Every structure is written in structure tokens, then in C-alpha cells.
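To start, the structure itself, in C-alpha cells.
2 protein chains.
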Amino acid sequence: MVDVEHRIRSFFAGRLDDAAHYGSEYEHLWQAASRASAGGKRLRPMLVLVAHGGVHGSDAAQAVELAVAFELLHTAFLLHDDVIDGDEVRRGVPNVVGEFGLDARRRAISEARAEQWGRTAAILAGDLLIHYSQSLVARLDVDRDTRIALLDVLDRGVFVTAAGELADVSYSVGVTEPRLTDALDMTERKTAAYSFEAPLIAGAILGGADRECIRALGEYGRLLGVAFQLGDDLLGTFGAEGVTGKSVVNDLREGKETPLVSFARATDEWARVDDLFGRPDLSPKEADRLRSALELCGARAFVESLVADHVRDAVAALDVAAVPAGLASQLEGFAGTCIGRAS
Amino acid sequence: MVDVEHRIRSFFAGRLDDAAHYGSEYEHLWQAASRASAGGKRLRPMLVLVAHGGVHGSDAAQAVELAVAFELLHTAFLLHDDVIDGDEVRRGVPNVVGEFGLDARRRAISEARAEQWGRTAAILAGDLLIHYSQSLVARLDVDRDTRIALLDVLDRGVFVTAAGELADVSYSVGVTEPRLTDALDMTERKTAAYSFEAPLIAGAILGGADRECIRALGEYGRLLGVAFQLGDDLLGTFGAEGVTGKSVVNDLREGKETPLVSFARATDEWARVDDLFGRPDLSPKEADRLRSALELCGARAFVESLVADHVRDAVAALDVAAVPAGLASQLEGFAGTCIGRAS
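These protein sequence lines map, in sequence, to chains V and F.
Each residue of the first sequence is one higher than the one before, counting from 1 in the numbering used here.
Each residue of the second sequence is one higher than the one before, counting from 1001 in the numbering used here.
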């Protein structure tokens, strides 16, 4: 993972050098993109490297390139997510939208134009990273069949993620009212596909794994990705803020249509609190009422059992001869940390 | 060019088939992306094919793939441009932002959420096309050196275009006040780089052209691209609306900081009309006053002469032994049409 950090830094350093020839605003844009990429957990690169190493892949340098490609794509999605949601803050500090917006406001530029400036910066930064992510994959020094197989994985990852993101927004703006199965599909598409399934499959392909092993890793990734996101949804409502650093009212204030909420909606309990859900000014006490309702109606227990089921099934998917024992055991250990998160 | 149209249609048809498995909204997104790509002039694909054929390239099928990659990238930039500018209409009909926004408003969804829905659709559609554009290039069946050379061209094209777009917006929101040279740089970066220079260079590389020929075509593309955009700026202010189908008040109402305006700003004439420039409610009579000022101060004549100079220099750049005579003559003819546009 040291190599991944090093390569991410060298990628941004190279672009920053070039950007200096195109004016200070463009340099600023690349600095902001670099900061947006810093400090992440590097989950996706880690999965690429674990899969590649676990199938005894021998091309460590190419694996790092592939790992970095996934991280750039992830940063791009975060940047565009913030534009879509109109957020100006991420992890407590101004994001690219917020940073450029603040800069414009300091220059006494009108609010509408300051917003446009912030939006522009984040859209362009994301566009650049989507492009460069794919460029890194295209440049891999591998045989044509491997390259095409990797491109297929990336194509599918991006295609499915966009479907999931569109569905997520369609629920939150109210274009679609999700049933529980819709919310679960959305979770799988928006998170599991590009964050778990694709990095594992891609790492294994690069490492020369056979079809059966790739299929098993994909299945594990899909299931674990759903468990991970469901666990995240639980933490976002019932977590210990001091421990996780994650707000436990934001999801309720935003009216995030998670499977947790979809389950609750189908119960009588929800009707009594529905008017609170999605209120931007939700008080701590009102948030408690929503949490109680989610507990009483069985939604919390249901999602907790879903997490456990998905983790169990994910681990079971690894139990085929084609998956090397060392890799299976490593991924089983990783799956355990997801349960810990959720409880 | 028939092959290009056919391939663009088959690309979107393939994605539409897949999208059908991910819900009607996602199908709708791909239909909208396909419509956004339809009806363009296919300038960039044409330049790829002209350059490839002109250097006696023999791989027509790969040239079509490369040509389509440039067109998808162009569509992506248009889609994101509209989000950046907050436009809901393009060529007189609702664009993707507008179409999705209208759909939400019809369902009685609040204005802020309808805007979010429109913005989301256009951002995701653009993201998908940026990704797939690069995926097509990555999949080309060419030797590694050629692939890397093409990827370098695309990387630079996207990098420089983003710099130009950022500069353009920085002028229109007022973060930067452009001097004439800044406005000319912006024109070269935002339009010439990916619309003229990159397609010509890429087509020539794929066709196996030598370094000197590629250099000459790049120079021609850069100069002609600037001439083309300057001509477009002139048409956008002085054109015959009935003939061009292009509004001659929009640029003045938006306060578009073109080189035409940058030149005028440095003259005394402009101070008398500066308060009119950028007024969203500019009347036809006020637009006439702005036009008169642009004529009187010499800005129009200056930009017209710039166009002529750039076209002449572009054609002169082709006058090297490395550029095949047939290609030079074809590109000279094409350059002539740019002069026609501007006058």
C-alpha cells in the first residue's frame, strides 16, 4: 500500500507541474483534486492488491497502477456526488465545491456565481479523474486479452454505479418511491459494484486467476459490498458518533432512502414519524423518535440480520477449490471487520 | 462518415439494451444521452478520418472507433457545460438537464429537487460518456506504442480542455478579468485542443504518419481551431440569425468574455456600454448599441483579421514535405469554409 500512496502522489505531482503552465486557477483545481483524494481508506486499492497477490499474481507494478486507477475513479465519484447533492463540506472540511465557492465569496462575487464557480471546479476535477483513471488502465503493460477483460470490468463497474447513483437520487428527490428490493438493488449497484466486486475481480484477472476463482471473488465482493453499505447505513443512524466520527442525524435529516427506511415504511410504526423524516431542521429529540420507530418496527433487527447473512454468504462464496486458501482466509478476516462495524 | 453514424448508433443501442435491466429511469438517461449525441456536425470524427485517410492509413475500422471516441467525449463536454452554465435548453429544445427537470416538475416535485434531478442526469450521462470514450481508445487493436501515443493525445486533449473551460468560467463569474491574450489562450485551450488539434493528430498517428507530419497537422489544427472559435464568436454577435440559426444576443446577454470583448475593454468606446454587457434582459436596441461599440472601437475588424491570419497560418503549416499533397489540399479547402463562417 506504500506503493499505492507513492503512485497517487506522483500522479498528482505530475499533473500539478503541467497545470502550472495553465494559470493559478488550474493549479488550484489540481491541488484541490489531490486533497480530495488524500486521507481516504484506500479500500479499493487494497482489494485490488489483495486479490492480485492472493492469486499469486507476479506483476506488482501493474497491480499498483490498477489499484490507483480505482482510487482515482472513487475520488471522481465523490467529487460529483457532492455536486449532485449540493454539499459544500465533506468530513467536516470544505470540499472542492465549498473551497472554490468560498474563494469566490471572499472576492465579493454574487452567491449564484460563487456556487457556479464551486460546481464548475468539482465537475471538471471529477471529469479529469474519470478520464485519467481509465487512461491508467489503458496503459497497462499486459497482453491484449487481459487488457480487454480489465476494460470490461471497468465498463461494467462504471455503468452499474451510475445506475445505482441515479436510483439513489431518484429516491431522495421523490421521482421514485423505492420498495425494499429497490433499495437493496440500489445499494448493490451504487456501492458493491465498483467498490468491492470490480477491484477484486480486476486484481484477480491481472494476477492470472482462472474463471472459477474470478467468479467466486466477484460473488464475495458483491455480497460483502452490500453488507458493508448496510452496516454503514446502521452506523449512520445508530452508531456512536464519538467512535465513528460519522454524524448520526445527517441520514435522517436528508431523508436517505436506505433499506432500513424502506423496511420501516411497510410497517404501521412508520406512519407516526414519517413527517419527521427528511426534515432539514430535525432536532436530536426528533431523531431519537425516528430511531425508536426504526427499532420498534423491526427495521434495525432486520438490517442487522441482513448484514450477518450477507457476510456469511460472502465468506461461503470463497469456499471453492479455485480460490487459494491463503486468499480465502485473508478475505474471511476482512469480512469479519464488516460485522464489527455494523454492531 | 456513414460508418461513424452507424457505430455511434450501435454504441448507444448496446448501452440501452443493458440499461433496460436497471430500471426505466436509467433507460431514460441513456436515451437522453443518445439524443444529446445525435444531430451534431461530427466535426471531430470527420477530422480523425480525414487525417487517417490522408496519411494513407489502412485501418478504417479502428479509425471509426477512434472517431467515435472523440464524438462521445464531445457530447460529454456539452452535457457538463450545460450543468456548469445552468442551461436547460440547447438548440432550442430541452437538454438533458431540462428534460429530467421537466419530468420531475410534471410530478409536482419541488423546484430545487427538480433542478437536482436534471443536474444529476446530465452529470452522470457525461461521466459515462467520458469513461466510454476512453474505453473505446483503450480497446483499439493496435500495437502498444501506437496505443500509448494515442492515449497521450487524449490525456493532453482532456487536460487542456479542462484548463480552458475553467478559465472561461473564471471570466464569466468574475474570478479573473481576462486580458486579450488570456481570452485567446482560453479559446485555444477550450476549443482548438480537443476539437481540432487532437482529432487530427490522433487520426494521423493511427494512420502511421511520421513525426513531422503529425507536428504540422497539430499546428494546423491549433490555428484553425482558434480561427473557428473566433469566427463563432463573431457569428454569435454579428451573424445573420436566420441563416446561422444561432442567437446573436445570447453571448451579449451572458456577458461572454470573448477576445472580441477583451479587445473592446481596452478601448475608451467600451466604458459607454459596459453596463449593458451581461444584462440578462438586454433589449434588441441595447444589443445594437453594444454591436456598434464593438465595431467603432475596432474590435470586430481586429477579430476578423485575427481569423484571416490564423486561417492563413494554418494553411501555411501544411506546406511541408511530410504532409501528403492530397491531405494538404483537402485541409486547405476545409480551412476556407471557416473564413466563410466568419464573414
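Glycine is no exception: its CB is placed at the ideal position from the N, C-alpha and C atoms.
As the structure is a computational prediction, the values presented were derived from the model and not from experiment.
Checklist entry - Assuming Ala-1122 of chain F and Asp-1082 of chain F make a contact with CB atoms under 8 Å, what is their CB distance in whole Å? => result Reading the second sequence from its first residue, position 122 is the one you call residue 1122 of chain F. Reading the second sequence from its first residue, position 82 is the one you call residue 1082 of chain F. About 6 Å; that satisfies the 8 Å criterion.
Checklist entry - Nearest CA to the CA of Arg-956 of chain F: which residue from F:Ala-1108, F:Arg-1107 and F:Leu-1102? => result The displayed coordinates of chain F run from 1001 to 1343. Any statement about residue 956 of chain F would go beyond what the structure contains.
Item to check | Pro-1259 of chain F, DSSP secondary structure in three states | outcome: Within the second sequence, residue 1259 of chain F is the residue found at index 259, counting from 1. Residue state, collapsed to three classes: helix.
Item to check | Contact set between Gln-134 of chain V and chain F, taken where Cβ atoms lie within less than 7 Å | outcome: One-based indexing of the first sequence puts residue 134 of chain V at position 134. Those are His-1131, Gln-1134, Ser-1135 and Ala-1138, listed as they occur along chain F.
Next on the checklist: Going by beta-carbon coordinates alone, are Val-1273 of chain F and Leu-1290 of chain F separated by less than 8 Å?
Outcome noted: Locating residue 1273 of chain F in the second sequence gives position 273, counting from the first residue. Locating residue 1290 of chain F in the second sequence gives position 290, counting from the first residue. Against a cut-off of 8 Å, the Cβ pair of Leu-1290 of chain F and Val-1273 of chain F comes out as a contact.
Checklist entry - Which residue comes first and which comes last in the alpha helix (DSSP H) that contains Ser-135 of chain V? => result In the first sequence, residue 135 of chain V corresponds to position 135, counting from 1. Note, Ser-135 of chain V: alpha helix (DSSP H), 111-138.
Checklist entry - Between Glu-1099 of chain F and the rest of its own chain, which residues show a CB-CB distance below 7 Å, the 5 nearest in sequence each way excluded? => result Reading the second sequence from its first residue, position 99 is the one you call residue 1099 of chain F. These residues qualify, in order along the chain: Ala-1032.
Checklist entry - Which chain V residues are close to Val-1173 of chain F, counting only those with a beta carbon under 7 Å from its beta carbon? => result Taking the first residue of the second sequence as position 1, residue 1173 of chain F is located at position 173. Within 7 Å Cβ-Cβ: Ala-104, Ile-109, Arg-113, Gln-116 and Trp-117.
Next on the checklist: Let's test the definition: count the other Cβ atoms within 10 Å of the Cβ of Ser-1292 of chain F and tell me whether it reaches 16, buried, or not, exposed.
Outcome noted: If you number the second sequence from 1, residue 1292 of chain F lands on position 292. Burial call: exposed.
Item to check | With 16 other Cβ atoms within 10 Å as the buried cut-off, status of Ser-1305 of chain F | outcome: Indexing the second sequence from 1 puts residue 1305 of chain F at position 305. Ser-1305 of chain F comes out exposed.
Item to check | Alpha carbon of Ser-247 of chain V to alpha carbon of Arg-279 of chain V, nearest angstrom | outcome: Counted from its first residue, the first sequence places residue 247 of chain V at position 247. Counted from its first residue, the first sequence places residue 279 of chain V at position 279. Roughly 15 Å between the two C-alpha positions.
Checklist entry - Just curious, the alpha helix (DSSP H) that Met-1186 of chain F is in, first and last residue? => result Looking up residue 1186 of chain F in the second sequence gives position 186. Segment 1180-1187, the alpha helix (DSSP H) holding Met-1186 of chain F.
Checklist entry - Expressed to the nearest angstrom, what Euclidean distance is found between the alpha-carbon atoms of His-1080 of chain F and Gly-1126 of chain F? => result The residue given as residue 1080 of chain F occupies position 80 in the second sequence. The residue given as residue 1126 of chain F occupies position 126 in the second sequence. When rounded, the distance between both Cα atoms is 6 Å.
Next on the checklist: Three Cβ pairs or more, each shorter than 8 Å: is that satisfied between the region 1157-1173 of chain F and the region 1184-1203 of chain F?
Outcome noted: yes
Checklist entry - To the nearest angstrom, how far is it from the Cα of Ala-317 of chain V to the Cα of Val-1055 of chain F? => result Within the first sequence, residue 317 of chain V is the residue found at index 317, counting from 1. Within the second sequence, residue 1055 of chain F is the residue found at index 55, counting from 1. Their Cα atoms are separated by approximately 54 Å.
Next on the checklist: Against Glu-1197 of chain F, what residues of chain V qualify as contacts under a CB-to-CB distance less than 8 Å, listed in chain order?
Outcome noted: As a working mapping, residue 1197 of chain F is identified with position 197 in the second sequence. The contacting residues do not exist; Glu-1197 of chain F stays about 15 Å from chain V at best.
Next on the checklist: Quick check: does the Cβ of Asp-1143 of chain F come within less than 7 Å of any heavy atom belonging to the ligand SAM?
Outcome noted: The ligand content of the structure shown is nil, which means the ligand SAM is not present either.
Checklist entry - Below 8 Å between beta carbons: does that hold for Val-4 of chain V and Arg-35 of chain V? => result Locating residue 4 of chain V in the first sequence gives position 4, where the first residue counts as 1. Locating residue 35 of chain V in the first sequence gives position 35, where the first residue counts as 1. Going by C-beta atoms, Val-4 of chain V is not nearer than 8 Å to Arg-35 of chain V.
Item to check | Start and end residues, alpha helix (DSSP H) containing Leu-1072 of chain F | outcome: Counting from 1 along the second sequence, the entry for residue 1072 of chain F is found at position 72. Looking at the DSSP string, the run of the alpha helix (DSSP H) that includes Leu-1072 of chain F is 1060-1085.
Checklist entry - What are the start and end residues of the alpha helix (DSSP H) that includes Gly-203 of chain V? => result Taking the first sequence and counting its residues from 1, the one referred to as residue 203 of chain V is at position 203. Where Gly-203 of chain V is concerned, the enclosing alpha helix (DSSP H) stretches over 198-206.
Item to check | Beta-carbon gap between Pro-94 of chain V and Ala-67 of chain V smaller than 8 Å | outcome: Along the first sequence, one-based indexing puts residue 94 of chain V at 94. Along the first sequence, one-based indexing puts residue 67 of chain V at 67. Against a cut-off of 8 Å, the Cβ pair of Ala-67 of chain V and Pro-94 of chain V comes out as no contact.
Checklist entry - Counting only beta-carbon atoms, is Leu-1166 of chain F nearer than 8 Å to chain V? => result Walking along the second sequence from the start, residue 1166 of chain F turns up at place 166. True, the Cβ-Cβ gap to chain V drops below 8 Å.
Checklist entry - Is there at least one Cβ from chain F nearer than 8 Å to Ala-342 of chain V's Cβ? => result Along the first sequence, read from residue 1 onward, the residue named residue 342 of chain V stands at position 342. The predicted position of Ala-342 of chain V is uncertain, since its pLDDT is 46 and thus under 50; a value taken from the coordinates is nonetheless stated next. For Ala-342 of chain V, the answer is no, since every Cβ of chain F falls outside 8 Å of its Cβ.
Checklist entry - Would Pro-1284 of chain F be called buried (16 or more neighbouring beta carbons within 10 Å of its own) or exposed? => result Here the question's residue 1284 of chain F lines up with position 284 in the second sequence. Classification of Pro-1284 of chain F: exposed, given that the 10 Å Cβ count is below 16.
Item to check | Nearest residue (CA-CA) to Val-1096 of chain F, options F:Leu-1078, F:Arg-1211, F:Leu-1206 and F:Leu-1016 | outcome: As a first step, residue 1096 of chain F is located in the second sequence; it is residue number 96 there, counting from the start. The option with the nearest alpha carbon to Val-1096 of chain F is F:Leu-1078.
Checklist entry - Around the C-beta of His-1021 of chain F, are 16 or more other C-beta atoms found within 10 angstroms, so that it is buried, or is it exposed? => result For the purposes of this step, residue 1021 of chain F is identified with residue 21 of the second sequence, where counting begins at 1. Exposed is the call here.
Checklist entry - Under a Cβ-count criterion, where at least 16 other Cβ atoms within 10 Å of its own Cβ denotes burial, should Thr-237 of chain V be classed as buried or exposed? => result Reading the first sequence from its first residue, position 237 is the one you call residue 237 of chain V. By the neighbour-count rule (16 or more Cβ atoms within 10 Å), Thr-237 of chain V is buried.
Item to check | DSSP-derived helix/strand/coil call for Pro-284 of chain V | outcome: Numbered from its first residue, the first sequence carries residue 284 of chain V at position 284. Pro-284 of chain V falls in the helix class under three-state DSSP.
Checklist entry - Quick one, which of F:Glu-1177, F:Ala-1112, F:Gly-1208 and F:Arg-1179 has its alpha-carbon nearest Ala-1149 of chain F's? => result The count along the second sequence starts at 1 and reaches residue 1149 of chain F at position 149. Checking every option, the nearest Cα to that of Ala-1149 of chain F belongs to F:Gly-1208.
Checklist entry - Residues in the region 55-72 of chain V with C-beta within 8 Å of chain F's C-beta atoms, listed in sequence order? => result none
Next on the checklist: Let's test the definition: count the other Cβ atoms within 10 Å of the Cβ of Ser-58 of chain V and tell me whether it reaches 16, buried, or not, exposed.
Outcome noted: Counting from 1 along the first sequence, the entry for residue 58 of chain V is found at position 58. By the neighbour-count rule (16 or more Cβ atoms within 10 Å), Ser-58 of chain V is not buried but exposed.
Checklist entry - Hey, quick one: how far does the alpha helix (DSSP H) through Gly-1053 of chain F stretch, first residue to last? => result Within the second sequence, numbered from 1, the residue matching residue 1053 of chain F stands at position 53. Taken as a continuous stretch (DSSP letters only), the alpha helix (DSSP H) holding Gly-1053 of chain F covers 1043-1054.
Item to check | Val-323 of chain V: contacting residues in chain F (beta-carbon distance under 8 Å) | outcome: Taking the first residue of the first sequence as position 1, residue 323 of chain V is located at position 323. None at all; the shortest Cβ gap to chain F is about 28 Å.
Checklist entry - Who are the neighbours of His-74 of chain V on chain F, taking C-beta pairs under 7 Å? => result Residue numbering aside, residue 74 of chain V sits at position 74 when the first sequence is read from its first letter. Neighbours of His-74 of chain V on chain F: none; closest Cβ ~13 Å, over 7 Å.
Checklist entry - In chain order, what residues of the same chain have a beta carbon less than 6 Å from the beta carbon of Ser-343 of chain V, not counting five sequence neighbours either side? => result What you label residue 343 of chain V is simply residue 343 of the first sequence in a count that begins at 1. Summary for Ser-343 of chain V: the model assigns pLDDT 44, below 50, so the residue's position carries little reliability; its value from the coordinates is reported in the next sentence. Result list for Ser-343 of chain V: empty, nothing under 6 Å.
Checklist entry - Of all the residues that make up the region 11-32 of chain V, which are near chain F by a beta-carbon distance shorter than 8 Å? => result Arg-15, Asp-18, Ala-19, Tyr-22, Gly-23, Glu-25, Tyr-26 and Leu-29
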